[in-house]
Every structure is written in structure tokens, then in C-alpha cells.
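Heads up: the structure comes next, in C-alpha cells.
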Amino acid sequence: MATNDIRRTQLERVLKKHNYQESALLEILHSAQEIYGYLDRNLLMDIAGSLNLPPSHVYGVTTFYSFFKMKKPGQHIVTACLGTACYVKGVEQIVAAIEKEFNLKRGGSTADGKLSLLFTRCIGACAMAPAVVLDDQVIGKATKEIVIEKIKNVLEGTKDESV
Amino acid sequence: MSTTNTTGSKVRVATVWLSGCAGCHMSFLDQDERIVDLAKKIQVVYSPLVDTKKFPEKVDVTLIEGSVANEEQLEMLKDIRVKTRVLIALGDCAVTGNVTALRNSWENSDQEVLERAYKLSEDLQAAVPNMVPKLLVKTRPLHEIVKVDFYIPGCPPSADLINYVLTELLVGKTPIMEGRARYG
Amino acid sequence: MNLSDIQKIAEEENEFQRAYKYRINVCCSSGCVPFGAFKVLKAFDDAVKEFGVEKICKVARTGCVGTCSVGPAVLVDPGEHLYQCVTPENVREIVQSHIVSGVPVKKYLYNNGGYFRKQQRLVLRNAGKIDPTRIQDYISVGGYFALAKCLSTMTPQGVIQEITSSGLRGRGGAGFPVGQKWGLVARAHNTPKYIVANLDEGDPGVFANRTLAEADPHAIIEGMLIAGYAIDAQKGYIYIRSEYPLAIEALQKAIVQAKSMNLLGDNILGTQYKFDLELRFGAGAFVAGEETAILVSVEGRRAQPRPRPPYPANQGLWNKPTLIQNVESLANAPLIVLNGGTWFKSFGLPNCTGTKCFSLTGEINNPGLIEVPMGITLREIVYDIGGGIPNGRKFKAVLVGGPSGGCLPESLLEAQIDYDSLKNVGAIMGSGGIVVLNEDSCMVDTARYFTDFCIEESCGKCTPCRAGLARVKEIFDKITTGKGELNDIGVLENASEYINNASLCGLGQTAPNPILTTLRYFREEYLEHIVDKQCKAGVCFKNESAEE
Amino acid sequence: MTTNSTITLKIDGVQISVPEGTTILKAAKNNGILIPTLCDLEGLTPYGGCRLCLVEVTGSPKLFPACTTPANSGMEVTTNSERLKNYRKMAIQMLMSERVHICAVCVANDHCELQALANQLGVDHVAFERNFTREPIDSSHGFLVIDRNRCILCTRCIRVCDKIEGVHTLDLKKRSKNTEVIMDLDEFWGDSCSCTGCRKCAKVCPVGAIYIEGEAITQTKNRDVAEFITARRNRK
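Protein chains in written order, with my numbering: chain A, 46 to 208; chain B, 31 to 214; chain C, 364 to 911; chain D, 424 to 659.
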């Protein structure tokens, strides 16, 4: 990681804002993930050094919280909600269909790095269950047909006019 | 659970050797002169030490050494359970799977151990002999297959412990394992 | 800035609002935004200008009205006309007919009076009615009056007494009396003292706290200010899930506004009282909502709970006395201070006062966010408010209290909503999730699902929760794939009882609730899976065949 | 927090006086009542994770970990009821089935606290199906070896590394059943730049998860090391 990287400057600003306090580790990890997209080992080492924390502590905190990602995500991300309401309404079948259709495993990405399938525990759209999020778009009352079609559209780069 | 049988004759005892190293049987024999006392009360009706081919009916106590690793043993254990009143798991392999279960860490270990034993270690005519019974996917302790009445852990269990459990059972008492059981 | 200044702002604001004959409230909370609420808001703005009625009709962005299944929802005052599933296309028609001609457009109206009739909105008093992004809106409906009253006429002790007399109990799930808790922290000797507002709503299927923060962030802030005054704390943290962008935005804006009006910071309302507030973001760990885990998480560490004692009231954040309170409890505080504990006691039951917000979801006609008085029965919630089960299916169970709640059968629908009654039937208040299941759900599978959730979310510290739940899950896997044996039920029961009693924190202690309640009320389904090797709901035994 | 005042409580019916602030565990131990423990180790910060030392306190439906709960005046503590015995057996069974615990082939055989407790409590079999994890053994360090398949996550090694040695090479990663002990950024032990090779982690490990290659286990294990160093540091 080059030190003259503009992202490093942004990170430095965040560190300074939090006064390099170790208690701000979570906030700093949040910002770092926003700046870099994900948290790789070099970045964690950098943060540990800046806050004067043991690397194992930073690694332990990062991996404890499921929001922090240590792998580079795919270009497009489809996130299935695994909340109770969505489970009751059958989100599991949609997930299985996506896995089959695009040949990827839950939590992973397609071989070409174009699509990742992730999970979240409840996005709070329970009244619209089952819900699937495609990049920033929430698909409520989803069915596997609708979701697969929307993913295909996004992957092909065609604009989705229906929403 | 009482082991004294109704007729007043000697208690019919069997010992069985499944997947184990025979160490538990050695330990059984290590009871030394106490075996003579035992022999006054029990009759060994089946054992790798005696020459009986078929597991007899109406056995009072069966001590089983070793885990269940293949289909033949699985059937045998089920058969023994039907014919036995008190079934005792003898030794760590019977109680936990122990060394014989180390292969469980590998998926498809039933295939892989045979390959390793019969093919990779042989230079000439490497093949799995067809007389080897089919291995179970995982090696299991007895209680995962049938109901076990008493457990004597240990690798091997000490002769003292074996003797203690048998003597207690013979006088109709329940052995207390707290502080006596000993894994490994 | 002092009390009279606040009153002045309120008067001016009310004057300003009175100038409008109509007010169009567009719900812009997380339930409606994904379905185009902001586009609808813009369309209303445009349409009002197009028809030249902007002088008599105010278009406002508001929080949740509660009918989340028919969003975007739009509330037109006067008369509380609620439009459902509004799209930018039918906005012009609504404005033209309702605002210009004064005739509500019947075909778009939400015609389900029952949904609101049995509800009682105290905490959500302003939800859907005020613009959460404008502090003036909050002040115009009496906001920050309670704080002013505290600072000008009440002693900290008096505030605690008022809260105690209201009988308010913690809304985070355990139901500890709020006044008593404030008293404990107030009496602790160490300084400084802290407040942590818990908005880490991690339960799948629960969104009550989020909705509150989106719709009425100032109510939370005012509640914290009152608590801070009562216990002599000068610093507060709101611990909020990072998955709640709208709520975070609302709170951030509210904090800035409160600071600019001298309602946060030094010399609040011209008094000696000072209080500062910061947001802290969770990062996807359900266990971080636990009382001791939230503390270490605010300190930037792995959210592993620790044994109590010492209690956070004595040794909390950085080992200083700390008040940890759910935001719903805090939002009740201004009401109690303003109207008195006796007034508050008129809601709910004598031994369990006030109201509770619930997220009502699952197989039900009217899912959404509801607020009901304590003592209402489950039947009233499921049938009168929820409108029963859709598609002619039969009711099977209602899950009360989130992933570690209890699955209750039809015969227990008369159970009342209050801490003790729910506990008696094996459920918990939890964070306020009610999920309705119909006959297509398998109860064994449901219990397995929740066990799965708790396994994933276990912090891994204590043996029963980490190692025990995983063992329990293996037994479920056996049962749901046809390999179950009769003695598995006994092993399940013993292990569940152990996990329940021996776990370190609330997560582990309540995790076996779904197992224990399904074993208690739906035992025949377990037997059906184990003995007959079949699942009448058709959920289990499918995995293998589907993969082939 | 030790003050001069003394409090009196009853443990298993015996009247006991201890300085205020003493934990139930210590109060019992000082009076010859031994409560089983696994994660607790004198000299380290109490953890409260293994749940072996749970005791009953008259008047409370809850169970309390003796290692972290201070003795209070007038408390009546029961340390060995039938229920507690059963719960301890349950805890041992859950730990033994969680990963690979095969005493006969373990380096710590006969010097293992988990094994000793199983024997002492009469855990003659494990009711749960055993898990056979397959974490690679890390022997990249010159002499320290970690076999995570035997780890019971008591965190003694982490606490001794942080509190006594002061380098905090070790910590936990992930959560739930995926929790593991790591070195630095989850590196091979041999690649860890912060580890000083002080061996204290191996000395305090209650099982055979951390050990020293080529050294007899009797030579390695020295569970008093934390207490000794703490006492030396605190001397006036």
C-alpha cells in the first residue's frame, strides 16, 4: 500500500478524528471498509500500528463482527435476508436457485468475480418478506424468477426499467 | 441392574473383540488370581479366548472391546444386544471410538484407509482383498448404535477397574465411576 | 435558550403549521423507501406546485405509520386519510381530488380500521406525523418540554421517583424496572457516569427500534438527556446497528440540530447541566445487544459478554457506572416526566404499565409495526390487528420474542402480553418480534432454524452456548433427515435445560426457548419425524432428494 | 479490590470468613472445598467461560461462576448438588465432543485437566456424537506447537501472553463454534513477529493443544507460573 495513496490520506484523517484512540477501533474499521471496500491484512496491520494495538487484537475484532469483509467482493452483490420473516416466506429456495443458476456458493463469488452472494440477518423489510438486495436495490416479496431475471439484467449491464 | 440369574447357576458372561487392539482383553486377563474367584461365579460362554463360533443365546453380561468400524461388526453388535441382558463397553475404543476413530477426521475415510493399508503400502499385487468387510463411513462407539448399560473407559482400562465393575455387578450393586473412570 | 424559548419555538411552529389547510405526510422510513417513497415525496412536491396549492398544503417527509406491507404509505391530514401503495403515477390524482377538490380518493385508501383500533401509540406518538429531520416539528408537539421541566422544576431524585412511580420496565427484553435501574446508577459513587442507549436491534424480524429512531430521533435524545440529568451522567452513546442507514442519518441530523439549539453540550437550556452524545456503530453481531457485550463493543473490542456481578450500574463502560437502556424505554421518559407517573399507569396493566412496540410479521394479513397496551392478548394481535392468516391457511403457531422466544400454539392465544405471563408460557418479551406461522411451517424445522441463528451469533466464550448449541443442532439435523431416534428427545431436553441454566449471558440462556416450547407444545411433530419419518408440513426430508 | 474488612458466609454448610472482595472460588479453596475449574488460573484475570465452577446461591434461581463472583456477607453457597454435578458432567461431555479429544494418543495424556475432570466427575461416556475437526497442526515455530483440534478455548494462553508476558501475540478470531486461537494476523506461529517464545502459553495450557516439541509434557506444564510471576511483581 503506497503511503501517498489518496485513500491512505482519507484513512489518516479518520484516525486523527478519533484521536488514535483504541476504543474507536470499530468506527475506524467501518471507515476503512468504506474507503477501501474491504479490509485486507496490510490494512489491518496499518491500523494496528496506528492505534498501537496488537495485530491479533485487531484481527480478532475484525473477524468477530460479520459486517467486516476481508475478501474483495464481486462487482455486483446480491444479499439475501435470512431474517425470520424471510425464512418463513421461503427465501431459502431463492438462495438455492441463485446458487444453481449462477454457479456460486453462498458467501462466495462467481469465478469471473462479477457476482457475490452474501447474507444479512434481517434488513427490516419484514413486512415485504422475502427480501433480497441486489446492489442497492431492495427486491421485496421476491420470487426466484424475479430475482434471477434482475440479476441477469444487472450482469448484462442492461438498465432495469421496472423500478 | 442385577446380573444374578434366576436359576441360581453361574452367570453367563461373554467377551467380544470388535475394532480394538486386544489390550482390553489383556487387561481383563491381568486380573490375575482374581479371575479364579470370578470363575467360581461366572461361566465364559463366548470370547476370543474360547472356541465358540456363534454368539450364544441368553447371555447375562457381555463385555465388548473395540469400536464398530465395519458392517459385519454393526450386525454383530445388534445381534449381541438382543441376546444380552447387560452390555458393557470395555475400554476407550468401545466408549469413545478412540484411536480407531481417528480416521473420522477425513471425509471418505472408509475408502482412504483401505487404500493406504492395502495399496499404498504394498508394492506387488496391491489390491483391497475382497474378504475385508465393508467399512462404515465413520467408526462409532457402541452407544451410538445400541443401548449400553455400563461403561469402563481406559486405554486400556485397569484390571482393577474391570474387576471392580464385575464384582459390584455380581453382587447386584451399581458400580460408581466417579473418581474411578480413567480415559487414556 | 431556556424553557420560554422552547415554548416560543413551539408557538411559532404551530402558527406556521396552522397556515396550511392540508398536510401530506409521506412515510420515508426503511419499510417504504425501498419501494420508492422518496420518489413519491418528490412527486407530491411537484404536484402541489403544479396545482398551485403549495400555500394551503404542506408536504412533509415523516417516519413510519406502521403499515409497512402496503408502502409507500401516505397520511393526509386533517382526517388521517391513509393512502397505501402510492406510486409517483397516482400522486397527481390524489392531489387533484383530495387537496384541490377536497374529495379523498377512495380506491387508494387503506381501508382496514381494525389495524389501528386496538393499538395505543405512546412511544410512536409522533411516528408518521412529524418530520424527523426538523427539530421544530418535534418541539411543536411538545418536544423537549419534559427536559425543560426537569431542569427547571425537578431534582434528579424527583425525576427518578416519577419514573419509578410510573412502573415503567425495561423494553429491551428483561423487564427490569427502569426507575430502580436509574436509582442504582445514581447512587454509584464512581464518576464519570455514562449512558448507553441500546439500538442494536439484531433480532431477525424485528424493526421497532429502527422505526422509532427513523420517525422520532429527538424522543430518544430527550429521553437520554432526562436520564443523564437524573443519574448525573454527562456523556452518552447510542449504539446502533450499522445496517440502519436511515436511522443513523436521522440521529446524526438530530444531534447536530440539538447541539445548535443548545439542547446538547454545555449549559443546556441555560443551566449547569451538560451532556454530550455520540453514535457508535455495531457491525453485525447480535450478541452485542447484550448488556455487558455492548459495553466492550463501545470500547472497541470483541463483543463477548462477561459475568455479572460486577453490574454495569457500578462497573460499566471503562469500569465506570453506566446506565444501559433500550431506546424504547428512553423514549417513554419524556412522556412520564411531562404527564406524571400516575398518568402513565393508566395504560396497560397495574403491574406492567404502558405499551410495547412489536414488529408483526410472517404469515399474516397486515404485517407491520404496531404499538399495543400491555395486557392485550395474542389473539387480539394476530386476528384483530393482524387480520388473521392469508390465503385461507390455518394458524399454527406464533413466535413471540425473536429468535430466542417461544413458539406458542393456538391454545395459548389468550396469553396476555406482559413480562410474567409470557415467561409462564415459555416465551419472552424479547426485543419485540411476533412472527405468525401457518400450517405450512414445520415446528421442528422452525426450532432448528432458530438454533442455527443462535449458533451463528454465539460469541463463543462459554461452553454451553458454543459447544452445547452446536451439539443440539446436530441432533436436529439427525431428526430432520430421518435419522432421529426416540432417545434424542431426552438428550435435546437435557442439553436445552443445561444451556438455559448454565450459559453466561442472555443469548445462551434464552437460546433453547424455541426448542423447549416446541417440545412442550408440538411434541407430536417431533415424534412424527422420528417414528414415522415424515414431515406433514413437507419441509424436512427434502434436502437429499432435491440435491440428487 | 481487597479491603481490611472481613465477611462471613456459608459454603456447603461450613461457616467461612474471608476478606471482602474474595471470590467464592478462593473462599472455598482456602477452606479446603475444591470447586472444579478449567478456564480459571490463579494469576490471570478470571474469564468465566468454561462454566465448570458454577455454584448455587440460596435465594437466587440463577447459577453463579465461583471464579468471578465475589463472596458476600451472609451468602449461602452450595458447590456440589446433584444438579451441579450433572451440569459439570454435561459441560465436560460438550467439550469432549466439540473437537478431537483422544486421550490415548494425546501428548498431554495423564497431565490433562479435561481428562482429569472427566475421570473425577465420572463422565464414563459422551452422550453427544463426537466431532472430528481437522485443523492443520501448526508446528512452524522452532519449538512451540499448536494443535487446535485439542483446544477448549479457555483462553489461558491468550491471557498469560497478554497479562504476564505482555506481548499479546495470541488472541481469538471469529466467533461461535468457529472461534480459534490465532497468532498476530492469523499467521503461522513461525511467522509471528511479536512472539517472544517465552513458552508460558504451553505451560498453562490445560490440555494438549499447545506443547513444546521434543520436551516431556511433565517438564513443560507449570500451571503455577502465572501465579508465581504475579506474586513476584506485586511484592512490596
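In this text, a Cβ means the ideal position worked out from N, Cα and C, and glycines have one as well.
Check	Outcome
Go ahead and pull the three-state DSSP assignment for C/T881.	helix
Where B/S77 and B/D109 are concerned, what is the direct C-alpha to C-alpha distance, given to the nearest angstrom?	15 Å
Taking 8 Å as the CB-CB limit, is C/S859 close to chain D?	no
Considering only the alpha carbon of each residue, which of D/G631, D/G466, D/V549 and D/M513 lies closest to D/R656?	D/G466
A/L70: which of C/V763, C/I752, C/Q779 and C/G663 sits nearest, CA to CA?	C/G663
First and last residue of the alpha helix (DSSP H) that includes B/G7?	As shown, chain B starts at 31 and ends at 214. That puts residue 7 of chain B outside it, with no answer to give.
Counting only the same chain and skipping the five closest in sequence on each side, list residues whose C-beta sits under 6 Å from that of C/A909.	With a pLDDT of 40 at C/A909, under the threshold of 50, the predicted position of this residue should be treated as unreliable, though the coordinate-derived value follows. There are no such residues.
Using three-state DSSP, classify B/T45 as helix, strand or coil.	strand
Which residues in the same chain have their Cβ closer than 6 Å to the Cβ of B/L93, if we skip the five residues on either side of it in sequence?	T45, I118 and L120
Going along the chain, which residues of its own chain have a beta-carbon closer than 8 Å to the beta-carbon of B/E145, five neighbours each way excluded?	V158
Which residues in chain C sit within 8 Å of A/M90, going by Cβ to Cβ distance?	The premise fails here: A/M90 is roughly 17 Å from chain C at the closest Cβ pair, so nothing lies under 8 Å.
Give me the subset of the segment 384 to 409 of chain C whose CB atoms are less than 7 Å from a CB atom of chain A, sorted by chain position.	S393, G394, P397 and F398
What is the DSSP secondary structure of C/D639, reduced to helix, strand or coil?	strand
Using 10 angstroms around the beta-carbon of A/E206, count the other beta-carbons present and answer buried if the total reaches 16, otherwise exposed.	Below a pLDDT of 50, predicted positions are generally treated as unreliable, and A/E206, at 46, falls in that range; no measurement from the model is reported.
Spatial neighbours of C/K917 within its chain, please: C-beta separation below 7 Å, excluding the five flanking residues on both sides.	Lying before the first or after the last residue shown, residue 917 of chain C is absent from chain C, which here runs from 364 to 911.
Using only the alpha-carbon positions, how far apart do D/A531 and D/E638 sit?	11 Å
May I have the straight-line CA-CA distance separating D/G620 from B/Y148, to the nearest angstrom?	43 Å
Taking one C-beta from the segment 118 to 137 of chain B and one from the segment 167 to 186 of chain B each time, how about it: are there three or more such pairs within less than 8 Å?	yes
Reducing DSSP to helix, strand and coil, say where C/A656 ends up.	helix
What does DSSP give as the partner residue(s) for C/R386 in the beta ladder?	C/K421 and C/D440
Taking C/G830 as the query, report the chain D residues whose CB atoms sit under 7 Å from its CB, ordered along the chain.	It is Ala, not Gly, that sits at residue 830 of chain C in the sequence shown. By Cβ distance, chain D contributes M517, L518 and E521.
Can you tell me whether B/T82 is buried or exposed, with buried defined as 16 or more other CB within 10 angstroms of its CB?	exposed
If we define contact as Cβ-Cβ less than 8 Å, is D/M606 a contact residue for chain A?	yes
Helix, strand or coil for C/I603, going by three-state DSSP, please let me know.	strand
What residues in its chain sit with their C-beta under 6 Å from that of A/Y83, if we drop five residues either side in the sequence?	K114 and K117
Are the C-beta of C/V468 and some C-beta of chain A separated by less than 8 Å?	no
Are the C-beta atoms of C/T724 and some chain A residue less than 8 Å apart?	yes
I'd like the span of the beta strand (DSSP E) that includes D/V480, first residue to last.	L477 to V480
Let's test the definition: count the other Cβ atoms within 10 Å of the Cβ of C/Y607 and tell me whether it reaches 16, buried, or not, exposed.	buried
So, is C/R381 buried or exposed, given that buried needs 16 or more other C-beta atoms within 10 angstroms?	exposed
Answer yes or no: does any C-beta atom of chain C fall closer than 8 Å to that of A/T129?	yes
Give the straight-line distance between the Cα atoms of C/N702 and C/L514, rounded to the nearest whole angstrom.	16 Å
For D/S562 and chain A, any beta-carbon pair shorter than 8 Å?	no
I want to verify the contact list: residues of chain D whose CB lies under 8 Å from the CB of A/Y104, in sequence order.	D594, K596, I605, D607, L608 and D609
Check whether the Cβ atoms of C/G477 and C/I748 sit closer than 8 Å, and answer yes or no.	yes
Given C/G769, which residues of its chain have a CB within under 8 Å of its CB, disregarding the five upstream and five downstream residues?	L762, V763, L785, V788, G789, A790, I791, N876, P877, L879 and T880
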